Amino acid sequence: MKKNFSFGTNEIIIPQQFYLQNSISLAKKLLGKILVRNLPNGKQYFIITETEAYFGEKDKACHCRKGKTPRTEVMYKQGGTIYVYLIYGMYWMLNIVSGKKNHPEAVLIRGIQKINVENNKISLGKLYDGPGKTGKILQINKKDFNGKNIYDTSTNLYIIDTPFEIEMSIKRTPRIGINYAGKPWTEKLWRFIAEINI
DNA sequence: CCAGTGATCAGG
DNA sequence: CTGATCACTGGA
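Everything in the first sequence is counted per the numbering used here, starting at 20 for the first residue and increasing by one.
What follows is the structure, encoded as structure tokens:
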């Protein structure tokens, strides 16, 4: 399915205020939004297909369960701040801090799908299903992104409103890779997966 | 199933 | 300083 469309002036950056909501509703609302990555060889567009919410110090799955440390410090900033960390020595995880200042919540971006743009026609491309694959294709690293703002274009990574009609169905599951957290945190349905058609 | 790979943090 | 652990992935 292809649709006539050109990004161009249709880039409406989602304002910082959007990120002040709690991480669970933000995780849901980020689905279907467009992640823009501006690289030397051109802008690339991805639609967000999978997210996971982490909900502050009381959430035993959240990095902030141990309070403020050098790593988790950025999660205490206001919503819209980018939180990046390396896992298993290989994979850069991209998170968006949510909520007000000193509410250490975040949304992990776990999956994105490429939007192909060709002669003003758009179509869905390759799916990157997993946070490691997502960080790799977006060329995420800590130095360039950790502590920066996702609503600021100067990092060449930002999120815009979905500028065309989409069909989307959403599923929820428990979060992945957090068995150390124990109940009830392992059972919370805080992973959101979207199936998208354009 | 399991190895790879290095930041992070608690404990001496 | 040491050692265990880890919000993962790809290949037997």
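Backbone N, C-alpha and C fix where the C-beta goes; we use that ideal spot for every residue, glycine too. Predicted model, so just to flag it, every value in this text is computed and none were measured.
Check the Cα spacing between K21 and each of W209, R194, G144, I156: the tightest is with G144.
Judged by their CB atoms, G75 and Y110 are not nearer to each other than the 8 angstroms cut-off.
No Cβ-Cβ contact shorter than 8 angstroms links P193 with E214. Under the three-state reduction of DSSP output, F183 falls in the coil class, being neither helix nor strand.
Under the three-state reduction of DSSP output, Q40 falls in the coil class, being neither helix nor strand.
By the CB criterion at 8 angstroms, I178 and I33 fall inside the cutoff. In this structure, S42 sits away from V136, with a CB-CB distance that is not shorter than 8 angstroms. M109 is not bridged by DSSP to any residue. Burial state of Q36 is exposed, judged by a 10 Å Cβ sphere holding fewer than 16 other Cβ atoms.
Per DSSP, the beta-bridge partners of K22 are I141.
Proximity of the region 93-109 to the region 47-55 falls short of the contact definition, fewer than three beta-carbon pairs being nearer than 8 angstroms. Beta-bridge analysis with DSSP links Q158 to no other residue.
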